[in-house]
Amino acid sequence: IYNMWIFWTLLLGLSGVQSMFSVVTDTVLPPHALHNPTQLNYGMAVTDVDGDGDLEVLVAGYNGPNLVLKYDRSQKRLVNIAVDDRSSPYYHLRDPEGNAIGVTACDVDGDGREEIYFLNTNNAFSGQATYSDKLFKFRNGRFEDLLSDDINVQRRVASRMAGRSVACVDRKGTGRYSIYVANYARGNIGAHALIEMDEAASDVSRGIIALTDVASQARVNKYTGGRGVVVGPILNDARSDIFCDNENGPNFLFRNNGDGTFTDMAAQAGVADRYQHGRGVALADFNGDGKIDIVYGNWNGPHRLYLQSSQQRFKDIATQAFSVPSPVRTVIAADFDNDLQLEVFFNNIAYRGSAPNRIFRVMRRQNADPVITELNVGDASEPQGRGTGATVVDFDGDGHLDLLVAHGESASQPISVYRVNQGSRNNWLRVIPRTRFGAFARGAKVVIHTKQSGVHTRVIDGGSGYLCEMEPVAHFGLGTDQATKIEVYWPDGRSLARPVTPADMNKVVEITYPELSYTQAEVSQIRIFALMCLRSDVFRPVWTQTSDLFKSDLSHFGYLLTRLCDSILSFFAEKIINSDQLSASLLAAAPNRS
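Take a look at the structure:
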């Protein structure tokens, strides 16, 4: 049956000489001084900026203001809501002095609304810059820069480095995100940063957000020419790992150790690629085995499509046509035509001559590597486009991904918007998982089961592209197939499965964070274990007995054990211990583990 699906998909592809994209810029986002200025733009990110449930597109402006593009359904066009009016709640997002190139969005403080981070470079290629990055929070009825707050100025946490991409990672599985900043180092100046909320020094209810750089603690404070960043469960089943492709040095593949730290596995995994210069990057499961694969472009070098094996090793299956060197910027993996198969879009910049964009279909096969076929990219070719960033979003809600391409660097050009020509009758399903706080669950993995074509996996990437961040939606094209079940895996390891009914098809399905329920026997066991955790002398003999096994890692083992106990306490104290009015006495007996 599966082979029949492949046959029909191939037949449709062969008959579809029709191009993939048609330009709709003139009707959806015509060049305009406010809405689509002819300026140097770079990265793009997608989030719900105004809190109305719809998705907006953030654009990093380099020699002009940042933009916030919202789809106006009455006009059927995108409009910039970040207007030059101090009374506007989005006024400060413009930040025209910033020279922004990278942008990302995620919930840093756990209030259920995403903060927005713009990376500014100020004409510095590497090392130190003169103008700090911005981290905007919606507070007091408007977006305000947290990095400019007195508490954070005193902490000197604002990055003044010439970075590139930024991404979001829930490194501990708390639902609160850290901002990974891929700085471009000059010697020992400009290590990668990891900025997050210092919970002990913050008061979210009063809008006081103290920030701290934990890159050293997390073991990601590397000095290199940082470029692209993606975040998702690459090596772990659920925890968020980080892949960085770099310039003038090996790539990083940081495996999440589960304790807030990371270990670089790039060399062991076979993805270091130390002599190339990475740019755009994306995560996807290209062969349907449930493992997350990596695709990225190298600047004027061979592009890579790495499939992951069962031993957490990767092999490059890029064909000669796919790997042809180009001045690549953003790379996007998505099912644009909703035909069950993923496409890879390469956005190039016209650098020393024509450099058209390209698109490839990566078609799954049973018990074999995927077939890679170049498609007709259509109007999105842009041979003279100065492409600097791109993103996908279904801004009009028709179930088809729309493509937006930003331009800049060597020439001022307006943003381009493209619609997909193919697959208008194909089925689709869009899944939006939420964190425990109600924000978009960046880093989550979404799996759907289907009637005919097997299992399909998507990652709500905390980074992706190059300087960009895609929409926080798992988009599945289904062709004529139908989904039967959705599974969601959160970065803390929590998971949820629910059936898909015919009424769910061709719709957006939101998945809330699951609450746990327990039997009385389980509650009793948890109470006993919580009491044991509160008495440090219970575990001291265990630590002593394991000293020969762990040797120098004894303190680390003890740390992990107490973290486990504390996590259990914090999670169950209100739900279970408080039910018997024991929390006060138990917490009073708890040892100080600071």
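Positions -19 to -1, 1 to 575 (mature numbering (1 follows the signal peptide of the UniProt record, and there is no 0)) are the ones given, in order, by the sequence shown. Built from N, CA and C at the ideal position, the CB exists for glycine as well. This one's a predicted model, so the numbers in the text were calculated from it and none came from an experiment.
About 6 angstroms separates the Cβ atoms of Asn338 and Val358, confirming a contact at the 8 angstroms cut-off.
For Asp131, the enclosing alpha helix (DSSP H) covers residues 131 to 136. Beta bridge pairing from DSSP links Trp471 with no other residue.
The stretch 433 to 440 and the stretch 230 to 237 do not touch, with fewer than three beta-carbon pairs separated by less than 8 angstroms. Contact annotation, Ala265 with Val210: C-beta distance approximately 16 angstroms; criterion of less than 8 angstroms not satisfied. Taking a C-beta distance under 9 angstroms as the contact criterion, Phe418 and Arg187 do not qualify as a contact pair. In this structure, the alpha-carbon of Gly380 lies about 12 angstroms from that of Ala455. Within the same chain, Asn232, Leu234, Ile275, Tyr287, Phe295 come within 7 angstroms of Val252 by CB-CB distance, once the 5 residues on both sides are set aside. When the five nearest sequence neighbours on each side are left out, the beta carbons in the same chain lying within less than 6 angstroms of the beta carbon of Glu355 are those of Ala302, Phe341, in order along the chain. For Pro46, the secondary structure class from DSSP, reduced to helix, strand or coil, is coil.
Of the other Cβ atoms in all chains shown, 16 or more fall within 10 Å of the Cβ of Gly460; this residue is therefore buried. Between Leu10 and Ile467, the C-beta gap is not smaller than 9 angstroms, which leaves the two residues out of contact.
For Gln289, the enclosing beta strand (DSSP E) stretches over residues 285 to 289. Assignment of His456 by DSSP, reduced to helix, strand and coil, places it in the strand class. DSSP places Phe421 in no alpha helix (DSSP H); its state is neither H nor E. For secondary structure counted as the beta strand (DSSP E) over 3 or more consecutive residues, the stretch 338 to 414 holds these complete runs in sequence order: 339 to 346, 349 to 356, 368 to 374, 383 to 388, 397 to 401, 408 to 414. Pro483 sits in a helix when the DSSP states are folded into three classes.
When only Cα atoms are considered, Ile160 and Lys203 end up about 15 angstroms apart. For Ser113, the secondary structure class from DSSP, reduced to helix, strand or coil, is coil. The bridge partners DSSP lists for Leu234 are Phe224.
The beta carbon of Glu491 sits closer than 7 angstroms to the beta carbons of Ile413, Arg415 from its chain, once the five residues preceding and following it are set aside; these are given in chain order. Comparing alpha carbon positions, the residue from Ser183, Tyr470, Val4 closest to Ala425 is Tyr470. When DSSP states are grouped into helix, strand and coil, Glu96 belongs to the strand group. With respect to the 9 angstroms criterion, Val147 and Val64 are not classified as neighbours on the basis of their beta carbons. Looking from the CA of Asp33, the closest CA among Tyr98, Tyr52, Ser3, Ser221 belongs to Tyr52. A straight line joining the alpha-carbon of Arg236 with that of Ser445 spans about 17 angstroms. Comparing alpha-carbon positions, the option among Asn348, Val4, Ser362, Arg345 lying closest to Ser335 turns out to be Ser362. Around Phe243, the same chain offers Ala199, Arg200, Val201, Ile223, Phe235, Arg236, Asn237 as residues with beta carbons nearer than 7 angstroms, after the five sequence neighbours per side are excluded. As the crow flies, the alpha-carbon of Glu125 is around 16 angstroms from that of Pro46. When the five nearest sequence neighbours on each side are left out, the beta carbons in the same chain lying within less than 8 angstroms of the beta carbon of Asp360 are those of Ser(-1), Phe2, Ser3, Val4, Tyr399, in order along the chain. For Glu125, the beta-bridge partners assigned by DSSP are Lys118.
Restricting attention to Asp254, Ala331, Leu385, Gly171, the CA atom closest to the CA of Ser391 is found in Ala331.
Taking a contact as a CB-CB distance under 8 angstroms, the pair Ala263 and Val309 does not count as one, their CB atoms being some 12 angstroms apart.
Distances from the alpha-carbon of Leu175 to those of Thr193, Leu48, Asp184 put Thr193 closest. Within the DSSP secondary-structure output, Lys57 pairs in no beta bridge. For Glu450, the three-state secondary structure derived from DSSP is strand.
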